[in-house]
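Protein chains in written order, with UniProt numbering: chain A, 1 to 383; chain B, 1 to 383.
Where a beta carbon is used, it is the ideal one built from N, C-alpha and C, also for glycine.
Everything on this sheet refers to the single structure shown next.
Number of protein chains: 2
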Amino acid sequence: MVKTVGIFGGGQLGRMLAQAALPLGVQCTFYEAGSECPSAALGRVIDNTQANALQTFMDSADVFSLEFENTPLADADALTEHQGQHKTLYPPRQALAIAQHRLSEKALFDQLGIPVAPYSAIHSLADLQQAAETQGLPLVVKTATGGYDGKGQVVIREAAQIEQAWAELGKAAPLIAESFVRFSREVSIIAVRGQDGEVRTWPLAENHHNQGILSHSIVPAPHSQDLQPIATDYITRLLNHLNYVGVLTLELFVTEQGLFANEMAPRVHNSGHWSIEGAVCSQFENHMRAVAGLPLGSTALVKPTVMVNIIGQHPNSTDILALEGAHLHLYGKTERAGRKLGHITLMPVDSRQLSQLCQQLATLLPEPLALTADMVIPLADEV
Amino acid sequence: MVKTVGIFGGGQLGRMLAQAALPLGVQCTFYEAGSECPSAALGRVIDNTQANALQTFMDSADVFSLEFENTPLADADALTEHQGQHKTLYPPRQALAIAQHRLSEKALFDQLGIPVAPYSAIHSLADLQQAAETQGLPLVVKTATGGYDGKGQVVIREAAQIEQAWAELGKAAPLIAESFVRFSREVSIIAVRGQDGEVRTWPLAENHHNQGILSHSIVPAPHSQDLQPIATDYITRLLNHLNYVGVLTLELFVTEQGLFANEMAPRVHNSGHWSIEGAVCSQFENHMRAVAGLPLGSTALVKPTVMVNIIGQHPNSTDILALEGAHLHLYGKTERAGRKLGHITLMPVDSRQLSQLCQQLATLLPEPLALTADMVIPLADEV
Chain A
1 MVKTVGIFGG GQLGRMLAQA ALPLGVQCTF YEAGSECPSA ALGRVIDNTQ
51 ANALQTFMDS ADVFSLEFEN TPLADADALT EHQGQHKTLY PPRQALAIAQ
101 HRLSEKALFD QLGIPVAPYS AIHSLADLQQ AAETQGLPLV VKTATGGYDG
151 KGQVVIREAA QIEQAWAELG KAAPLIAESF VRFSREVSII AVRGQDGEVR
201 TWPLAENHHN QGILSHSIVP APHSQDLQPI ATDYITRLLN HLNYVGVLTL
251 ELFVTEQGLF ANEMAPRVHN SGHWSIEGAV CSQFENHMRA VAGLPLGSTA
301 LVKPTVMVNI IGQHPNSTDI LALEGAHLHL YGKTERAGRK LGHITLMPVD
351 SRQLSQLCQQ LATLLPEPLA LTADMVIPLA DEV
Chain B
1 MVKTVGIFGG GQLGRMLAQA ALPLGVQCTF YEAGSECPSA ALGRVIDNTQ
51 ANALQTFMDS ADVFSLEFEN TPLADADALT EHQGQHKTLY PPRQALAIAQ
101 HRLSEKALFD QLGIPVAPYS AIHSLADLQQ AAETQGLPLV VKTATGGYDG
151 KGQVVIREAA QIEQAWAELG KAAPLIAESF VRFSREVSII AVRGQDGEVR
201 TWPLAENHHN QGILSHSIVP APHSQDLQPI ATDYITRLLN HLNYVGVLTL
251 ELFVTEQGLF ANEMAPRVHN SGHWSIEGAV CSQFENHMRA VAGLPLGSTA
301 LVKPTVMVNI IGQHPNSTDI LALEGAHLHL YGKTERAGRK LGHITLMPVD
351 SRQLSQLCQQ LATLLPEPLA LTADMVIPLA DEV
């Protein structure tokens, strides 16, 4: 029986994983820089800047998982070479490797018949010039690995910018050149796969961003009855192909040509935080159940839910908790522009109340919502 | 703003209080014997067997509460005399004092017009003989303070037993002599009162015991529409009279003459554990909101719920989690006969599924439920 799960990373995802694991009798350890981190309230943090930290971490748990998608592959490899003992990492190393490499990821989507926007692998200036001709402009050029929140990427809008783009990113090649895809909205599907291969999927979330950072998610995504089985099919192909164990997230664009995969995250995801209150079993609990080899819980919806991120500055807790039915989740982090500090879950009784709650919330959050105050969101039970 | 709440006690109630407090940005410290206790996973435990422990505890938090109803009054008093600073205890000392003294408790129920079974205060053998005559037999004789799970109490069925009862308990006088009350079932009402005097009440729970220990609670208590407003009225009288802050529980007998108060507990209660999943805001979160001076959350029902205790021995977690929609809460305790080790929450879709789930659960729990396997419980949405 699994008693302790070692988690690469110690942020808010680790904190919420450990919260969900504790009532199951499963404790967590965390591998993170420093000892002050959101997960520290819930388990031992092994400071990965110290000597022999990886060894200590590997000795600290029965099985391993991650909340940080850029967990070094070398660290994942070390687990399998650990003093002749085989230590297991869920999700598997291969899923982590693919998710960390945009070209591998697109290639896998292609291989499994999951539609993606046109793209090319770029190893040279000539490749980039060729891509501009074949795919047309504009193009988004990104490094295949690394990059975050708009770093490591350049948009080419006219041919004159091609050389400049190569000059800027070429040293980090291979690159990927992606065509813009005209989409009406972004949705994400989150699924969990158990050690026995069982797959369960939560309802689609519709995701809204503000300056590139997730602002809020609406679940179920409005008007998504036809999209749900398609998204479920796509993520199930990925899970089974990768022999995946745990929670996987797939971001998708809704276009006139159907759903296009954007990217996958081999972990629990911000667009799944709603599930703590909104689903029978949350993404956090089901991930820990899967990793610990326990049966999966129901992913059924309890009630339509809106999850709103707290970004940059903390609101007044009293104001937030005075909102009818609001749930507050703070991560124990200090304020910094653009930083995710917590989230709020709203479970309105109908669209009218949702609209009202969102208007109130917009006035209470120091960083405004992307959601405009007069926006009316149709809840799934009304569409 | 309250950042840390010091809690007298460190058992499973403290553990679940701290779990609920963490997302609100509130941490807990615990005052408990030893450092190994269910709450230790979630906060600092101050070992109350060590020198200066009370001083250390008092310095560890902004405001204080309790999960152990037999918290010594002297410890509560120390808070108000703490180095000239006034440290606050919620619930107030008076509530604790009354709940620890059966005669004071009954007197308060009387004073507030809350019906109780006939009782007498017993200071001498003569008092006991008088009570037997006035109230008739049988009588339950209990010490006014202390006593637990049938200890410190004697049943007098015939006059010949009166002297023996006095011989046994008289040295611990004052005693209370209570008449038996013929009741069809026991229910409990749980309510929370905020620092601003707002009161919110959860739906009544119907409680079933096995050998004196709570086996399971059904919420809402079947056929309780008429009882709910009466119970709400009674507990509101108590909360307002005591200028109470936090969660209070009142156990009631359902009799042909209406509801009779049995006893109150000045804390979160086992019969409210269902509220973690079954209510919008749980008893644990609302207690911590009240103690921290935050607005109260909604006590509305999410779904009819059954909470089943795990007693004495752990079941196989895999079996439990395979039950559709079941939630497992383990407390991190070692096995011992009669000890509460955890609980399971079931949220059946209808009475048929409930009956089926209970039958399955009865076969999985090492200590059988009081619930008989063929018992059909009507859920509130059907009555």
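Under the 7 Å criterion on CB atoms, B:Gly9 is classed as non-interfacial with respect to chain A. By alpha-carbon distance to B:Ser224, the top candidate from B:Asn207, B:Pro368, B:Val5 and B:Ile311 is B:Asn207. For B:Tyr234, the secondary structure class from DSSP, reduced to helix, strand or coil, is helix. Between A:Gln19 and B:Arg157, the alpha-carbon positions lie close to 51 Å from each other. Comparing C-alpha distances from B:Ile218 to each of B:Gln257, B:Pro304 and B:Ala172 shows the shortest one belongs to B:Pro304.
Under the DSSP definition of a beta bridge, B:Gly258 partners with B:Thr255. Under the 8 Å Cβ criterion, the stretch 279-290 of chain A does not count as touching the stretch 127-145 of chain A, having fewer than three qualifying pairs. Ranked by Cα distance from B:Tyr119, the options B:Gly338, B:Glu335 and B:Gly136 are led by B:Gly136. Under the 7 Å criterion on CB atoms, B:Ala61 is classed as non-interfacial with respect to chain A. At least one CB atom of chain B sits nearer than 7 Å to the CB of A:Ser298. If you draw a straight line from the Cα of B:Gly332 to the Cα of A:Phe68, it comes to about 28 Å. Within a 10 Å sphere around the beta-carbon of A:Pro229 sit fewer than 16 other beta-carbons, which makes this residue exposed. The three-state reading of DSSP puts B:Gln27 in strand, counting E and B together. Assignment of beta-bridge partners to B:Lys340 by DSSP yields B:Ile311. Annotation for A:Val219: the continuous beta strand (DSSP E) segment containing it runs Ile213 to Val219. For A:Thr318, the enclosing alpha helix (DSSP H) begins and ends at Ser317 to Leu321. The residue from A:Asn70, A:Gly43, A:Gln85 and A:Ser35 with its alpha-carbon nearest to that of A:Gln55 is A:Gln85. For A:Leu66, the uninterrupted beta strand (DSSP E) run begins and ends at Val63 to Leu66, by DSSP.
For A:Arg267, there is no enclosing beta strand (DSSP E), since its DSSP letter is neither H nor E. In the three-state reduction of the DSSP assignment, A:Asn52 falls in the coil class.
Contact annotation: the stretch 34-49 of chain A does not touch the stretch 104-121 of chain A, with fewer than three C-beta pairs closer than 8 Å. Listed by position along chain A, the residues whose Cβ is nearer than 9 Å to that of B:Pro366 form an empty set, because the closest Cβ is around 16 Å away. Checking the DSSP bridge columns, you'll see B:Leu89 partnered with B:Phe64. In terms of beta-carbon proximity, A:His329 lines the interface with chain B, with at least one pair separated by less than 7 Å. Of the other Cβ atoms in all chains shown, 16 or more fall within 10 Å of the Cβ of A:Arg200; this residue is therefore buried. Residue range Leu175 to Ser179 is occupied by the beta strand (DSSP E) that includes A:Ile176.
With a threshold of 7 Å between beta carbons, B:Leu54 makes no contact with chain A. Counting along the chain, B:Val291 sits inside the alpha helix (DSSP H) bounded by residues Gln283 to Val291. Spatial neighbours of A:Pro203 in its own chain (CB-CB distance under 6 Å, excluding positions within 5 residues in sequence) are listed in chain order as Val219, Pro220 and Leu301.
In the three-state DSSP reduction, A:Ser275 falls in the helix class (H, G or I).
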